[in-house]
Structures are given as structure tokens and as C-alpha cells.
Amino acid sequence: MQTRYVVTAFCLCLFATQALALHRLNPDQCEPLPDTSDFHLEAMARFAAQTDHHTLWTDPAQLRSLLAQLNTLSDDGLVPADYWAPELQKALDHLTTWGELPDCDRRLATDAYLRALSDLRYGKAFQKQPPPIWYSPNVARNDDPAALVDQAVSGLHDMGGAFANARPHTERYRNLRKGYAQARKTLPDHWIQLPEGPTLEPGDYDERVALVRQRLLTQGYLPLPPRPDVMSRVFDDELTLAVEHFQARHSLAVDGKIGPRTLQQLNVSPQERLEQIRANLERLRWLARDMEKTLLLVDIAAARIDFYQDGERVWSGKAQVGRPKRATPELKSVITHVTVNPHWTMPRSIFLKDALPAIRRDPSYLSDRHIRIFDRSGQEWQQDEVDWSDPRYLTFRQDPGPGNALGRVVIRFSNPYAVYLHDTPAAGLFNSSNRFYSSGCVRVQGAMTLTHLLFRNASPMLREKFNAALASGESHNIHLPHGVYILMAYWTAEADANGQITYRPDVYGSDRPLLALLGTERRQL
900 MQTRYVVTAF
910 CLCLFATQAL
920 ALHRLNPDQC
930 EPLPDTSDFH
940 LEAMARFAAQ
950 TDHHTLWTDP
960 AQLRSLLAQL
970 NTLSDDGLVP
980 ADYWAPELQK
990 ALDHLTTWGE
1000 LPDCDRRLAT
1010 DAYLRALSDL
1020 RYGKAFQKQP
1030 PPIWYSPNVA
1040 RNDDPAALVD
1050 QAVSGLHDMG
1060 GAFANARPHT
1070 ERYRNLRKGY
1080 AQARKTLPDH
1090 WIQLPEGPTL
1100 EPGDYDERVA
1110 LVRQRLLTQG
1120 YLPLPPRPDV
1130 MSRVFDDELT
1140 LAVEHFQARH
1150 SLAVDGKIGP
1160 RTLQQLNVSP
1170 QERLEQIRAN
1180 LERLRWLARD
1190 MEKTLLLVDI
1200 AAARIDFYQD
1210 GERVWSGKAQ
1220 VGRPKRATPE
1230 LKSVITHVTV
1240 NPHWTMPRSI
1250 FLKDALPAIR
1260 RDPSYLSDRH
1270 IRIFDRSGQE
1280 WQQDEVDWSD
1290 PRYLTFRQDP
1300 GPGNALGRVV
1310 IRFSNPYAVY
1320 LHDTPAAGLF
1330 NSSNRFYSSG
1340 CVRVQGAMTL
1350 THLLFRNASP
1360 MLREKFNAAL
1370 ASGESHNIHL
1380 PHGVYILMAY
1390 WTAEADANGQ
1400 ITYRPDVYGS
1410 DRPLLALLGT
1420 ERRQL
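Count along the sequence shown from 1, add 899, and you get the number used in our numbering.
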């Protein structure tokens, strides 16, 4: 009797397996592919034309290699399940059992392969919607499906090489990917949340100090476990150094105190940190092909500028960038010329929000700042001629000079936002760790040094022309001998060669909408 049950069960199992096989072989069961863009459809068609559909993916070793590479996408902040990894594992099981692969599964494998290479090469989220970066027409990108397909076809017998070649080859991406892989393994599921309260300073005795020790110990900022005695509540030198280290890693003012900004960063959860890294891996996938060897790079979130020549960083300086309500735009363009001893024409928004209320309070506001008034025809007006209840048709222009809002030089490039890089008399603001002060333009510390570097390869005659124009005190435009690429971009996490990550507050709130496009990562620790 028992034998009969076993035989019956075996037959039922075999019947179910055969039914499943027949189901998978039915081409009518193929489901439509999601989020299939024109780019992806063209890539699929080109790939099909260059490969043999009947033999593609029928080698279990090839399909197994594809699955292995899809699972490495977790270290890129991508989700293997978005590339049919569970379904392809079932297809592999079917192939190894029955020696054949249904057409639907071949199509899934091809879709996963091309989609993964495309997302690594171009970015996933920015293929769903226009990227946040404006491109000047002379630097516009052309993402060609043919290049992707050529890479895919040549990589069919070396999946690891195909995926490695698709990933950005920049040091920034490699370092951040390494840091993300480490963070996924080392960050805990959660850490203690610190209560609000007065600023904690070195020397303080407070119950919250013990909680701070516990929180910093969790991430290795303190080398020893919290002491059980009462001294664990004393904000001592050891804790001060740990707080300073944390502040440096999170782009905060390094003062050793736990004020509101440091407390807020301490209370960001481990999962939020992982998501922050994911968002920036995606940004760097998109930006990788925009970082030419000779480039002026404005890192908006860090309020920093780096100038690269032939791949080497030859200059770095602090910047002041747009406050959240007047954010500095992301863009790529070409620097064509500089203006020395510039006039400054006050933007309408600044006039209405800032200057006009100040003028109504202080009649000497304009004269103290050497700002003159002009109508549409260029005729100058005196201040007592203006109807200050309706000054909408007037232009306010500041003369060149030591107090000019643009300083001594402006670096110019085409863009629709009327933004530029410029010198500034407000040099003291560069000492702040939170340099989001401007109305969108970028103020440059050491602007004259940077300008001289832009002219470093100019002829002696052109450099002499520049120096003479600067000394004249009058406003002149001086063109560069060759255009220089400028990239103004925003990212909130980067890593060094060891994978140690520096975080930046997401002042513009750009991470969350980007993560919504990326989808949810299933954390595997």
C-alpha cells in the first residue's frame, strides 16, 4: 500500500513538472516587458539581428554566468529582481532539467542582459525621465543603441567583462561602489536615536552623553566600548575626537559639539544612508561620460570647484552656491570668455525680494553700493525720479569696483539660467561649512587664480591683453584661446580609494525623488 502511494505521488509530481514545462513552452504565455523605451526596443532589435536566436542562452554555463553578473548589480545599488533574476533562475533550472529553453525565457534573458548593460552604462532612473542636467547644444550627448549592442554581442562569451566594461570607469564610481558594498555588510539594521536637547559641548556632564558614546561606537568612531562607570556621561577628549571625526565625514562644521545639525546627521538611519549611496551611484553612472580630462567641475552639494587638465587636478577651491529656494542649476556647457571689472545688473528676483525692501528702509542703499538706475532706453535716472511703488521697468546696475557683487572677474558660459561663476567681496562666507548663500550663481574663492589658469595656455599677447584690461578698471570681455568644458553637478556622497564614504546633507532634497525612480533595494547583509 505504501509503495502504491509513493508511485502515485511520483507520477503526480512528474505530471506537474511536465505541465509546467508545457506551460513555459507556450509562446502565448509571454508577458509584455515593462518600461520598454524606444531606445531599448531598438537595442533589442539590433541585438536579435546580430545573434542566433535558436542557440542564444541555450548553454547553461552562459545563462548561469548571466545570473551571476545580475546578482553583482546589488553592489551598484540596483535590484537584481528588476532584471528577471528570480525568473531566470527558474529558466536555468528548466534548461538543466529538460535541455531546452522556451522562447519566453530567451526573451527575458536578452531583455535582462541589455537592460542591465544599459542601466550601468547610462543610468537607470534618467532613462525614465529627462535628466536634471541642462546640456549646451555643442555638448549634447548622443546615446546610441548601436554602441550598447556592439558591447553586448562582444560580451556574450565573457559576461564579467561585459558588465565591467558597461560600468563607469571613473575613480569616483569605483570608490563609491566599493564603499556601498562595504556599507551593506557593516552597517547595522538600526542604531540608537538620540533625543533632542541643548547643544552638548566638551566638558559637559549629561545623561545623553552615554547615548552619544553608544551611537558612535556602533559605527566605529570610538575604539572602545562604553565604560560602565559614571565617567561615560562626561563629554571627554576621546568623545570630542570621535565627534569631530563624525562631523568631518558628514560635511559638518568640525567643532566637536553636538548641536542641531550634528544631531540630525547622527539620527539618520542606516537604511537611509544606504539609500543615499544608491542615489549617488546612479548620479555617477549618468555623469561618468560628462567628465572630460580637461574640465572645470562645480560640485554643488560640496560647494567646491575643481579644475582638471589632462586628467590631473591642478586647482581646487571653495564655492558659495545657491540657497535651496534659488538652487544652482545642474548643467554642462563650455566656458568661452571672462569679463574683467564687471558691471553687475541686479536680477529682477533679487531686486524684488532683497533690494527693494532695503531701499524703502534706507534711501542711501543704492548710492552706498554704487548702483545706478536706467530705463529701457538706457537713460540714467536719479533716485528721487523713481516711483518706488512701481519700479518694474527700470534696471539697476552696479559699477565696477572693490564693492561690486561680482568682484573683479566673471567666468561666462552659455546657459538658459543666466548663471555664471564670479569673484566676490563676501570672502568671509567661504569659512562656513554650509556655503549655500547665493541666488544661483557660483561665487569662487580664488577666482583670479582660477582665471589665470584658464589663460595658462594662451599666447603672451592674449595674457598681456587680459592684464591690461584688468588694470584699466573698466569692464572688458576677454575670450579664452580655447573653450573649456564646465560641468555643474550635484551629488551627496563620495568615497575615497578605501571605500570610506563622506556624506553631505541633501540641501536641495534631490535624493528622494531619484530613489523613487530607482525602486526599492532588498537589503542583503
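Built from N, CA and C at the ideal position, the CB exists for glycine as well.
Which of the three DSSP states is assigned to N1376 in this structure?
Along the sequence shown, one-based indexing puts residue 1376 at 477. N1376: strand per DSSP, three-state reduction.
Cβ contact (3+ pairs, closer than 8 Å) linking the region 1379 to 1393 and the region 1191 to 1204
yes
Is it a yes or a no for the region 953 to 972 touching the region 1069 to 1079, going by three-plus beta-carbon pairs under 8 Å?
no
Consult DSSP for K1192 and reduce its assignment to one of helix, strand or coil.
One-based indexing of the sequence shown puts residue 1192 at position 293. K1192 falls in the coil class under three-state DSSP.
How many angstroms separate the CA atom of K989 from the CA atom of L1186?
Sequence index remark: in the sequence shown, residue 989 carries index 90 (1-based). Sequence index remark: in the sequence shown, residue 1186 carries index 287 (1-based). Straight-line Cα distance between these residues: approximately 36 Å.
Out of Q1146, D1004 and Y1292, which has the shortest C-alpha to C-alpha gap to H953?
Start at 1 with the first residue of the sequence shown, and residue 953 comes out as number 54. Minimum Cα distance to H953 is reached at D1004.
Verify whether the separation of the beta carbon atoms of D1410 and A1178 is less than 7 Å.
For the purposes of this step, residue 1410 is identified with residue 511 of the sequence shown, where counting begins at 1. For the purposes of this step, residue 1178 is identified with residue 279 of the sequence shown, where counting begins at 1. The answer is yes: Cβ separation under 7 Å.
Under a three-way DSSP split, which group does D1198 fall into?
Position 299 of the sequence shown, counting from 1, holds the residue named residue 1198. If DSSP states are grouped into helix, strand and coil, D1198 belongs with the strands.
Going by DSSP in three states, L1320 sits in which element: helix, strand or coil?
Within the sequence shown, the letter at position 421 stands for residue 1320. Here L1320 sits in strand by DSSP.
Beta-carbon spacing of A1065, L1016 below 7 Å
Position 166 of the sequence shown holds residue 1065. Position 117 of the sequence shown holds residue 1016. Result yes, Cβ atoms of A1065 and L1016 sit closer than 7 Å.
Measure the alpha-carbon distance for D981 versus L962 and round it to whole angstroms.
One-based indexing of the sequence shown puts residue 981 at position 82. One-based indexing of the sequence shown puts residue 962 at position 63. Spanning the two alpha carbons is a distance of roughly 17 Å.
Could you tell me which whole beta strand (DSSP E) segments of length 3 or greater appear in the region 1323 to 1377?
1335 to 1337 and 1341 to 1343
Quick check: the region 1083 to 1090 against the region 1399 to 1414, are at least 3 beta-carbon pairs closer than 8 Å?
no
Measure the C-alpha to C-alpha separation of S1150 and Y1402 and round it to an integer number of angstroms.
The residue you call residue 1150 lines up with position 251 of the sequence shown. The residue you call residue 1402 lines up with position 503 of the sequence shown. Those two C-alpha atoms are separated by around 6 Å.
Is Q1113 helix, strand or coil by DSSP?
As a working mapping, residue 1113 is identified with position 214 in the sequence shown. Three-state DSSP puts Q1113 in a helix.
Taking Cβ positions, are G1059 and N1240 nearer each other than 7 Å?
Working through the sequence shown from its first residue, we reach residue 1059 at position 160. Working through the sequence shown from its first residue, we reach residue 1240 at position 341. No, the Cβ-Cβ distance between G1059 and N1240 is not below 7 Å.
Element boundaries [alpha helix (DSSP H), containing D1136]
On the sequence shown, position 237 is the one that residue 1136 refers to. Its alpha helix (DSSP H) spans residues D1136 to R1148.
Could I get the ranges of all uninterrupted alpha helix (DSSP H) runs contained in the region 1047 to 1108, with 4 residues as the minimum, in chain order?
1058 to 1065 and 1070 to 1085
In chain order, what residues of the same chain lie with their CB nearer than 8 Å to the CB of E1143, ignoring the 5 residues before and after it?
Residue mapping note: residue 1143 aligns to position 244 of the sequence shown, counting from 1. V1153, D1154 and G1155, listed in sequence order.
For Q1170, which beta-bridge partners are listed by DSSP?
Numbered from 1 along the sequence shown, position 271 holds the residue referred to as residue 1170. Answer is none; Q1170 lacks a bridge partner.
Taking the alpha helix (DSSP H) that W997 belongs to, which residues open and close that run?
Here residue 997 refers to the residue found at position 98 when the sequence shown is read from its first residue. Unbroken alpha helix (DSSP H) run through W997: A984 to W997.
Sort Q1113, A960 and W1243 by Cα distance to L1320 and report the nearest one.
For the purposes of this step, residue 1320 is identified with residue 421 of the sequence shown, where counting begins at 1. Comparing Cα positions, the closest option is W1243.
Taking all protein chains shown into account, decide if A1218 is buried (16 or more other Cβ within 10 angstroms of its Cβ) or exposed.
Here residue 1218 refers to the residue found at position 319 of the sequence shown. Classification of A1218: buried, given that the 10 Å Cβ count is 16 or more.
Three-state secondary structure (DSSP) of T1433
No answer is possible for residue 1433: the residues shown for the chain start at 900 and end at 1424.
Hey, could you find the ends of the beta strand (DSSP E) Q1208 is sitting in?
Here the question's residue 1208 lines up with position 309 in the sequence shown. Segment R1203 to Q1208, the beta strand (DSSP E) holding Q1208.
Enclosing alpha helix (DSSP H) for I1258 [first to last residue]
For the purposes of this step, residue 1258 is taken as the residue at position 359 of the sequence shown. Looking at the DSSP string, the run of the alpha helix (DSSP H) that includes I1258 is L1255 to R1260.
Where does S1035 sit, in a helix, a strand or coil, going by DSSP?
Mapped onto the sequence shown, residue 1035 falls at position 136. In the structure shown, S1035 sits in coil (DSSP, three-state: anything other than H, G, I, E or B).
Beta-carbon contacts of L1013 that lie in its chain and below 8 Å, excluding the five residues immediately before and after
As a first step, residue 1013 must be located in the sequence shown, where it is residue number 114. Closer than 8 Å at Cβ, skipping near neighbours: H939, A942, M943, F946, L1047, V1048 and A1051.
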